[in-house]
Amino acid sequence: MHGPPFVLAIIAICMTAWVINNFIRAKHGFPISDDWGRNIERSDPQAERHLQLLTSENERLAGQVGRLEERIAVLERIATDPATRTAREIEALRDH
226 MHGPPFVLAI IAICMTAWVI NNFIRAKHGF PISDDWGRNI ERSDPQAERH LQLLTSENER
286 LAGQVGRLEE RIAVLERIAT DPATRTAREI EALRDH
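Here our numbering runs 225 ahead of the position in the sequence shown, where the first position is 1.
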């Protein structure tokens with residue numbers, strides 16, 4: 226195989242591989258690419274909304290974890306402190 230048929234076969238193989246590559250990427254949710262290999266971003270309003278919901282839930286859970294860590298620290302202090310000291314602190318709180 227010499228000359229133009231060989232060159233055309235190489236071009237056909239490359240184009241077919243590019244189409245298959247983009248098909249597989251699109252099927253699995255990855256961005257497709259243009260002729261030069263740059264990713265083409267698709268705007269998906271549902272993905273943006275989902276990202277916002279996940280971000281707000283992450284912030285809420287981070288705050289909840291912080292509050293739980295504070296409560297655990299208090300419980301650890303109560304469990305490790307001597308009973309007399311804990312009793313004095315409770316009595317001091319009752320006096321107020």
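Glycine residues also receive a C-beta, built at the ideal position from the N, C-alpha and C atoms.
It should be emphasised that the depicted structure is a prediction, and the values quoted were computed from it without experimental measurement.
The beta carbons of Ala251 and Ile257 sit closer together than 7 Å. Rounded to the nearest whole angstrom, the CA to CA distance from Glu301 to Gly288 is 20 Å. Just so you know, the alpha carbons of Asp320 and Arg296 end up roughly 23 Å apart.
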